[in-house]
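Residue numbers (our numbering): 38 to 224.
Now the structure itself:
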């Protein structure tokens, strides 16, 4: 009897349309309004869809890489390779997505704490720094197009392959993310 009820529930679940969430609802509304010539209202609905997506998204990095030069958001020169020499500067450029916004007088603040770890490909931890840095953005509105740069001199390591782990912790929510950037040290 229980198996039949379970099968019936599964069968009905496949027949019923999935409920759209706030992202899809607002995006559909934006498209409808745009088709009908209501550009400003469509933009408002689209902004609500983007905000709902942002809130539901895990903390993630749209872009993360070693860079030679960083001038601003999406204005960077990627490093040609990930081969470094001891005492070179490791410069990491990234664009975070999905972090929280805290209301403050006249606007919003977002903040991420950064932890760094360098290890061998086999997992042997060679260097670690918790709370290496705190990254913060403030603005009158919720800023979605932000970037950050973390840089530090490479400690003296033997030539070989390594991994840099960057962990970001959102100070406004329980969201975290960790990315691994492989690199090597040349003689």
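Ideal Cβ positions, reconstructed from N, Cα and C, are used throughout, including at glycine. These figures come from a predicted structure and were not determined experimentally.
Cβ-Cβ distance between residue i and residue j below 7 Å
i: residue 155; j: residue 163; result: yes
i: residue 124; j: residue 196; result: no
i: residue 176; j: residue 135; result: no
i: residue 104; j: residue 86; result: no
Coil, strand or helix - residue i by DSSP
i: residue 59; result: helix
i: residue 144; result: strand
i: residue 38; result: The pLDDT assigned to residue 38 is 48, lower than 50, so where the model puts this residue is not dependable, and the model offers no usable value.
i: residue 176; result: strand
i: residue 64; result: helix
i: residue 274; result: Residue numbering for the chain in the displayed model covers 38 to 224; residue 274 lies beyond these limits and cannot be assessed.
i: residue 207; result: strand
i: residue 197; result: strand
i: residue 69; result: helix
i: residue 103; result: strand
i: residue 164; result: strand
i: residue 137; result: coil
i: residue 221; result: strand
Distance between residue j and residue i (C-alpha atoms, nearest Å)
i: residue 97; j: residue 212; result: 9 Å
i: residue 88; j: residue 122; result: 43 Å
i: residue 193; j: residue 69; result: 59 Å
i: residue 99; j: residue 223; result: 29 Å
i: residue 215; j: residue 73; result: 43 Å
i: residue 165; j: residue 115; result: 25 Å
i: residue 108; j: residue 174; result: 16 Å
i: residue 179; j: residue 132; result: 15 Å
i: residue 113; j: residue 127; result: 14 Å
i: residue 199; j: residue 59; result: 42 Å
i: residue 117; j: residue 130; result: 14 Å
i: residue 142; j: residue 158; result: 46 Å
i: residue 217; j: residue 140; result: 32 Å
i: residue 84; j: residue 106; result: 32 Å
i: residue 138; j: residue 147; result: 5 Å
i: residue 168; j: residue 185; result: 15 Å
i: residue 219; j: residue 102; result: 10 Å
Anticipated Cβ contact below 8 Å, residue i with residue j, distance rounded
i: residue 187; j: residue 170; result: 6 Å
i: residue 66; j: residue 77; result: Not really, about 13 Å apart at Cβ, beyond 8 Å.
i: residue 221; j: residue 119; result: 7 Å
i: residue 75; j: residue 183; result: Their Cβ separation, rounded to whole angstroms, is 30 Å, which puts residue 75 and residue 183 out of contact at 8 Å.
i: residue 71; j: residue 61; result: 16 Å between Cβ atoms; not a contact.
**OP:** Determine, using beta-carbon pairs with one atom in the region 200 to 209 and one in the region 142 to 154, whether at least three such pairs fall under 8 Å.
**Re:** At 8 Å Cβ cutoff, the stretches touch.
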